[in-house]
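Taking numbering that gives the first Met the number 0, I'd label the letters of the sequence shown as residues 0 to 1175.
These notes concern the structure reproduced below.
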Amino acid sequence: MSVTLLWAVDVYGRVYSVSTAGQRWVRTEDALLELKRVTAGKGRCWGIGCDHHVYLNMIPHEMPIRYKEETYENQRWNPVDGFTDTLLPTDRWQWSDVTGMNPQPLHSFQLPSRSWEWEGDWYVDQNCGGEPSQTGGWEYAVDFPANFSPDKKWNSCVRRRRWIRYRRYTAQGTWAKIPLDHPRKPPLPLCDISCGGWEMSDESGRYPYLWAVSQQGQVWFREGIQPRIPEGTRWDEVEVPKEVVQLSLGPRDLLWAVLWDGNLLVRTGLSLDSPTGTSWLEVESPEKEMETLHVSVGVSVVWVITKDYKVWFRRGVSSHNPCGSGWISIVGEMMMLDVGLNDQVWAVGEDRGLYFRIGVTPSEPSGNGWIPVSAEWGNSKENVPPRGGPELSSQLKEASQGSVLSSTDSDSKLGPTDPSNSTNDTPVLEAAAPSMVPLGGAPIVPVDTQDAPTAPKTLIPASDSFINSLVSDRDKTSTNQQSSLMIEEKGQFSPAQILMSPEASGSGTPWSNVDLESAEVARSTQAEGPLLRNGSAPYGLEGAQGVGDEDGPVWAWISGGGCNVDAASQISWLSATGPLVSSLSLTPVQSSVWSDQQHREEISKKPLERSNSIWLRKGTLSWWRDWKPQRWVDVAVALEQSTKSDGGKDSIFFVYYTRYDEKKYLHIFINEVTALVPVSRDSHYAFAVYTGPRTRLRSPLVLAAQTEKDMKDWLNLLSDVCCECRGIATPPSRQALWSTTSKGDIFVHEPSFSLEAPAHTLSCDLMFWRQVPGHLRCVEANSLGLVWGIGWDGTAWVYSGGSGQQANAADAGHAHQQTDVRSVHVYENQRWNPVTGYTDRGLPTDRPMWSDESGLRECTKCNTQLPSPQWAWVSEWAVDHSVPGGTDKEGWQYAADFLVTFHGHKTLKDFVRRRRWTRKCKITLSGPWQPVPPIPLSDISLMSYLAHSSMEQVPLWALSDKGDVLCRLGVTPQNPAGSSWLHVGTDQPFKSISIGGASQVWAIAKDGAVFYRGSVSPQNPAGECWYHIPSPSQQTLRQLSVGRTSVFAVDENGNLWYRQGLTPSYPQGSAWEVISNNATKVSVGPLDQVWMIADRMAGFPAETPGTVCHRLGVGPMQPKGQLWDYGIGGGWEHISVRANSVEAPRTQHPLSTAPPPPPSPRRPVPPRANGATVGV
């Protein structure tokens, strides 16, 4: 946990802070500064001075706060002087902002306050559009409203350049006065401020909002607070129906205010788009005859103090119901309180001491007791105690008697507790005069108080009218009433321990399934309390004498908005009476028992026995919440493993999150995980966890780590556990299915007999894919254990065996350094108009002027990011002339409209044009792959074999990046890389090639023509000649795959074709038959099994293209199959099943032509009535 500060102000206006890592209060360095009150946020603290000015203290940070000022110098060309600063009357100003509407000469820029200083003088920005410029920073255009570019043209009549100057904020760590608004009317003298709203956005570390109240009851909002402008820019008034005296803003969208008449106002409609909200709602005070004195809010909690110093908690508060539903009385008497981070509550007691509410958790937001904040003070080692005199103001009548003030609704009419009329057996504690029941200390002995003198109450001076009003409004008769600060308990009262509510004591507590850590050790039943300097009696509320520096501060205000403390924190100055109480935590369970369906319903009810269960790892990750509003959420995660009775291992992966202040969790049975896939999400180090149900719903569980190492550690651990659960402890087998994603990740699946069985086929979404280290565009393999791949840069790689993990000593010899380079493209689009020619101003219906190839998404050179954080740029942006269809000398392609085909030469009917910009990036990693130089390849195919086949040399055909056909010689299982390339002559370049059973070689030329290579044999590996095969009518094929007796191909429109009539005597076949559409790649195995990569799955348009599909019903009598089974998807690029020759055992039943029954899906875990358990 990072070091954070708790802020407090004493009655003399002196400001103090104590660190969560320290033990002592530290006074602000400005000894002359006097503040009335403060409000803290993350990394900052605001305050109101006695001069009614607002002050800001920014916590020092290693990153400076810098702001960039900019202005534009504008010039126009004339035939006499060339470009000059003499502009037309209708032109923009000579020095202006980027819009040209506002004048901005250099001398008009002034520092906003004394807290800023200039870093240097003005200078010209030499970059234009993010690219270095050789024109001195000038940008040219036809006229000022037009778009500017660094290229000067014959019709460039105006130009501009940007001047930049930086200023630095120099007041970090000190209290800086916020300047008044000029020339706007500043707000009237302020009496209260509150900051919050930093959790309203998904952005981590977002700047807070600041609200204020004037002495006339007006409400003000501070505009312009940004990371680079911490002071903000101006005050805007927010209309209120009545005068306001105090307000509080939570970390999110909760804002409550106290009215002068004692009621409360709630602001609704707070959001990022409307930070000041939309309307006010009035809520009555907790007690009708008692006005509200103070309010403080958190994420979804509201605490109130009434003028009799009673504390109230508002139940049912949430973003959807900001007004809540009712009041709950909380034990204790406080003068003010503040809800800080994690909804933790800090308070100033009636004795002017500081207190902290313990036991505050999302499941118990009201907590269960108060403890003093006992940080050290001054030069001594003594702790600052709750305020009190040297003697007890009263003695306890009976330590064995007292009353328990339970949390009750305000709707019930509760009178003061009368101990004499109490008929229950609950221990009662009463005092003769207002006093505080000690939170810790020596045992209290019952004594007679008849002769005990009553200590007079000392008036404490205050520097704030609000503090004086607290004293003046205090009921003078309350000193004669019997009252006490009571702590909830159940059972016998022990004055030497902190007394908890029944929920905290653990008696009859229902099991909680939400806490990650194990249950903490029970609280110590004996704890020494703060002792007086001249005695051992505990401090009372009354009887405070004169105060000075040597006695510690007399507190008036506290702010915990910047203090990161929760119920599990161990803070030295909060543990004087023992560690904080935490809720009952989730204990490990036996996954082997939970795997049974009959026990899964018990997950959210109670923990199971944990005799043979351990936590493998716990940590924190970010989780992509896939329901609206979608956002990244910080979660706790844990992996638990148990041992079965037969010695096998089983595991469960837990994800703990909070929704509507209720802790919940997701759980995933490791034996149901089907894939762990790295993904690209918002430049995060993210990965997706797939299961069967989530694959069917196209909704994987997406998690992200802070660093690449952390992501890899989690992926390796989860992958190892998944493999151990399935008994996979070896590298990929010879029969494995290989696939790659669009990111270049490599995955394998170990097939079983049921994968290609004619009946009861394994469902495609239940296949388990494990990752193999490396980065490739495509992978091809056969059943002899040979695996080849091609990188995005065309480099050929051969699999060297092993898993490639350096951590495994057995695989260390198989790991090699692997690099890959790929190009990232953006398209510049322009439309022709009669006045200016081609321009980047298109029609309203046109695509963005900078876009991707489809034109559906805007992509500029500035906002285009790397494919993932593991990549690095290795070149700058350059015009790409190698675009299909050709380009002119400037790289442009022309067309009549954006939706038609582009060509490389301009005609009279071409009204639009585009050109492609490319930039290369590189990735370096380690994997079990060795390069095969020196020819870059575009396609590769290994001859497929049936099981138990053997060959002296394995035929391998490939295509170079230029379309040349190559045959690899010397490829054997002992020498998988082969020895040399043999060039096979063609009369045109090719783009796809495949070799199937019986040495059938098929290929597709770049113009879509199909060819068959004749006379290929082991004795003549290159064959004799090419036979032309007619293509499907009006279709252009782009990729094909040859099996044992079948050929499938994919055309440019995504249609899948089957070649009919293939026989040994006529291997060229007779005709093409369309099978389906939506195909991008096809792979046919040695059993004639058919798999493909589908473009998209019907019903899920938002999913990333690329889904693995299996053709069901394929057999000798039905070679085309019957229907598709959709598997894992979302970015799959390539699949190869040409190594899988595992045949299912033959049955006596004839093959049915009816569609096979779909596999029965596993019954998901039933959802809980309260939503606490989510099945995955």
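The beta carbon of each residue, even a glycine, is placed where N, CA and C say it ideally should be.
Remember, it's a predicted structure, so these values are computed and weren't measured experimentally.
### Euclidean distance between Cα positions of THR835 and LEU907
As a first step, residue 835 is located in the sequence shown; it is residue number 836 there, counting from the start. As a first step, residue 907 is located in the sequence shown; it is residue number 908 there, counting from the start. If you take the alpha carbons of THR835 and LEU907, they lie about 16 Å apart.
### Task
Report yes if the C-beta distance between VAL797 and GLY790 is below 9 Å; otherwise report no.
Translated into positions along the sequence shown, residue 797 becomes position 798. Translated into positions along the sequence shown, residue 790 becomes position 791. Not a contact, by the Cβ cut-off of 9 Å.
#### Entry: Opposing strand residues paired with CYS777 [DSSP bridges]
As a working note, residue 777 is residue 778 in the sequence shown. Answer by DSSP bridge pairing, in chain order: ILE789.
### Task
Might you give, ordered along the chain, the residues of its own chain that have their beta carbon closer than 7 Å to the beta carbon of GLU138, omitting 5 neighbours on each side?
Taking the sequence shown and counting its residues from 1, the one referred to as residue 138 is at position 139. Closer than 7 Å at Cβ, skipping near neighbours: CYS127, PHE147, SER148, PRO149, ARG158, ARG159, ARG160.
### Query
Is there contact between the segment 1035-1044 and the segment 990-1004, where contact requires at least three CB pairs shorter than 8 Å?
yes
### Message
According to DSSP, simplified to helix, strand and coil, what is ARG840?
### Response
For the purposes of this step, residue 840 is identified with residue 841 of the sequence shown, where counting begins at 1. Coil, per DSSP.
### Message
Rounded to the nearest angstrom, what separates ILE727 and TYR664 at their Cα positions?
### Response
Here residue 727 is taken as the residue at index 728 of the sequence shown, counted from 1. Here residue 664 is taken as the residue at index 665 of the sequence shown, counted from 1. Their backbone Cα atoms lie some 29 Å apart in a straight line.
### Query
Taking buried to mean at least 16 other C-beta atoms within 10 Å of its own C-beta, is LYS287 buried or exposed?
Counted from its first residue, the sequence shown places residue 287 at position 288. Under this definition LYS287 is an exposed residue.
#### Entry: Cβ neighbours of GLY1128 in the same chain (closer than 7 Å, five flanking residues each side left out)
Along the sequence shown, one-based indexing puts residue 1128 at 1129. Within the same chain, GLY1128 has close Cβ partners ARG697, MET1096, GLU1102, GLY1105, THR1106, VAL1107.
### Message
On the DSSP letters alone, give me the boundaries of the alpha helix (DSSP H) that SER718 sits inside.
### Response
Residue mapping note: residue 718 aligns to position 719 of the sequence shown, counting from 1. Element bounds for SER718: 707-724.
### Query
By Cβ distance below 6 Å, which residues in the same chain neighbour PHE108 in space, the five residues on each side in sequence not counted?
One-based indexing of the sequence shown puts residue 108 at position 109. Once the five neighbours on either side are set aside, the close Cβ partners of PHE108 are GLU68.
#### Entry: Contact under 9 Å by Cβ, PRO1085 with ARG1043
Your numbering for residue 1085 matches position 1086 in the sequence shown. Your numbering for residue 1043 matches position 1044 in the sequence shown. Taking 9 Å as the Cβ cut-off, PRO1085 and ARG1043 qualify as a contacting pair.
### Task
Could you spell out the range, first to last residue, of the beta strand (DSSP E) harbouring GLY1013?
Locating residue 1013 in the sequence shown gives position 1014, where the first residue counts as 1. GLY1013 -> beta strand (DSSP E) spans 1009-1013.
### Message
Report the CB separation of GLN770 from PRO750 in whole angstroms; it is logged as a contact under 8 Å.
### Response
Counting from 1 along the sequence shown, the entry for residue 770 is found at position 771. Counting from 1 along the sequence shown, the entry for residue 750 is found at position 751. In fact, because the Cβ distance is near 17 Å, the residues do not count as touching under 8 Å.
### Task
Flag this pair as yes or no: are the beta carbons of PRO361 and ASP342 separated by less than 9 Å?
To locate residue 361, count along the sequence shown from 1; it is residue 362. To locate residue 342, count along the sequence shown from 1; it is residue 343. Yes, these two residues count as a Cβ contact at 9 Å.
### Message
I need the boundaries of the alpha helix (DSSP H) containing PRO692, first residue and last residue.
### Response
Here residue 692 refers to the residue found at position 693 of the sequence shown. Where PRO692 is concerned, the enclosing alpha helix (DSSP H) stretches over 691-695.
### Query
Relative to the C-alpha of ILE651, which residue among TRP326, CYS724, ARG693, TRP737 is closest?
One-based indexing of the sequence shown puts residue 651 at position 652. The shortest Cα separation from ILE651 among TRP326, CYS724, ARG693, TRP737 belongs to CYS724.
### Query
Below 9 Å between beta carbons: does that hold for SER193 and LEU258?
What you label residue 193 is simply residue 194 of the sequence shown in a count that begins at 1. What you label residue 258 is simply residue 259 of the sequence shown in a count that begins at 1. Contact flag unset, no.
### Task
Name the residue from SER16, TYR122, ARG967, PRO972 whose alpha carbon lies nearest to the alpha carbon of HIS982.
As a first step, residue 982 is located in the sequence shown; it is residue number 983 there, counting from the start. For the residues SER16, TYR122, ARG967, PRO972, the minimum Cα distance to HIS982 belongs to ARG967.
### Query
VAL878 bridges to which residues according to DSSP?
Within the sequence shown, numbered from 1, the residue matching residue 878 stands at position 879. DSSP lists TRP916 as partners of VAL878.
### Query
Are the segment 1054-1068 and the segment 956-973 touching by the rule of at least three beta carbon pairs closer than 8 Å?
no
### Task
Spell out the partners DSSP gives TRP850 in its beta bridges.
In the sequence shown, the residue the question calls residue 850 occupies position 851. Reading the sequence as shown, one finds Ser at residue 850 and not Trp. Paired residue(s): TYR826, GLU857.
### Message
Between GLY368, VAL1009, MET333, which has its C-alpha nearest GLY352's C-alpha?
### Response
As a working note, residue 352 is residue 353 in the sequence shown. Looking at the Cα atoms, MET333 is the closest of the given residues.
### Query
Does DSSP put CYS156 in a helix, a strand or coil?
On the sequence shown, residue 156 is found 157 positions in, with the first residue counted as 1. If DSSP states are grouped into helix, strand and coil, CYS156 belongs with coil.
### Sub-9 Å separation of ASP712 and ASP1124 beta-carbons
For the purposes of this step, residue 712 is taken as residue 713 along the sequence shown, with counting starting at 1. For the purposes of this step, residue 1124 is taken as residue 1125 along the sequence shown, with counting starting at 1. No, these two residues do not count as a Cβ contact at 9 Å.
### Query
Under the three-state reduction of DSSP, which class applies to TRP137: helix, strand or coil?
On the sequence shown, position 138 is the one that residue 137 refers to. The answer is coil: DSSP assigns TRP137 none of H, G, I, E or B.
### Task
Rank ASN1019, LEU638, ALA7, GLN629 by C-alpha distance to the C-alpha of ARG616 and give the top, closest one.
Numbered from 1 along the sequence shown, position 617 holds the residue referred to as residue 616. Taking only the C-alpha atoms, the option nearest ARG616 is LEU638.
### Query
Nearest-angstrom Cα distance between SER867 and THR818?
If you number the sequence shown from 1, residue 867 lands on position 868. If you number the sequence shown from 1, residue 818 lands on position 819. Cα to Cα, SER867 sits roughly 15 Å from THR818.
### Query
Would DSSP call LYS380 helix, strand or coil?
Within the sequence shown, the letter at position 381 stands for residue 380. Unreliable positioning characterises LYS380 in this predicted model, as indicated by a pLDDT of 40, which lies under 50. A coordinate reading is not provided.
### Message
Looking only at its chain, what residues have a beta carbon closer than 6 Å to the beta carbon of TRP870, apart from the 5 residues adjacent to it on each side?
### Response
Counting from one through the sequence shown, the residue named residue 870 turns up at place 871. Answer for TRP870: CYS920, ILE922, listed in chain order.
### Task
Since I believe LYS306 is in contact with SER328 (beta carbons under 8 Å), could you give me their beta-carbon distance rounded to a whole number of angstroms?
Indexing the sequence shown from 1 puts residue 328 at position 329. Indexing the sequence shown from 1 puts residue 306 at position 307. Not quite, the Cβ-Cβ distance comes to about 15 Å (not below 8 Å), so this is no contact.
### Query
Taking the C-alpha atoms as reference points, what is the distance between ARG830 and THR886?
Stepping through the sequence shown from its first residue, residue 830 is reached at position 831. Stepping through the sequence shown from its first residue, residue 886 is reached at position 887. About 17 Å.
### Task
Mind checking which residues open and close the beta strand (DSSP E) that includes TYR671?
Against the sequence shown, residue 671 aligns to sequence position 672. The question names Tyr, but residue 671 is Glu in the sequence shown. From DSSP, GLU671 is part of no beta strand (DSSP E); its letter is neither H nor E.
### Task
Check whether the Cβ atoms of TRP255 and VAL239 lie closer than 9 Å to each other.
Position 256 of the sequence shown holds residue 255. Position 240 of the sequence shown holds residue 239. It is not a contact, given that the beta carbons lie outside the stated cut-off.
### First through last residue of the beta strand (DSSP E) which encompasses TRP767
Taking the sequence shown and counting its residues from 1, one reaches residue 767 at position 768. Residue identity differs from the one stated: residue 767 is Phe in this sequence, not Trp. Element bounds for PHE767: n/a, residue is neither H nor E.
### Task
Return yes when the Cβ of TYR165 is within less than 9 Å of the Cβ of TRP117, no when it is not.
Working through the sequence shown from its first residue, we reach residue 117 at position 118. Working through the sequence shown from its first residue, we reach residue 165 at position 166. Contact: yes.
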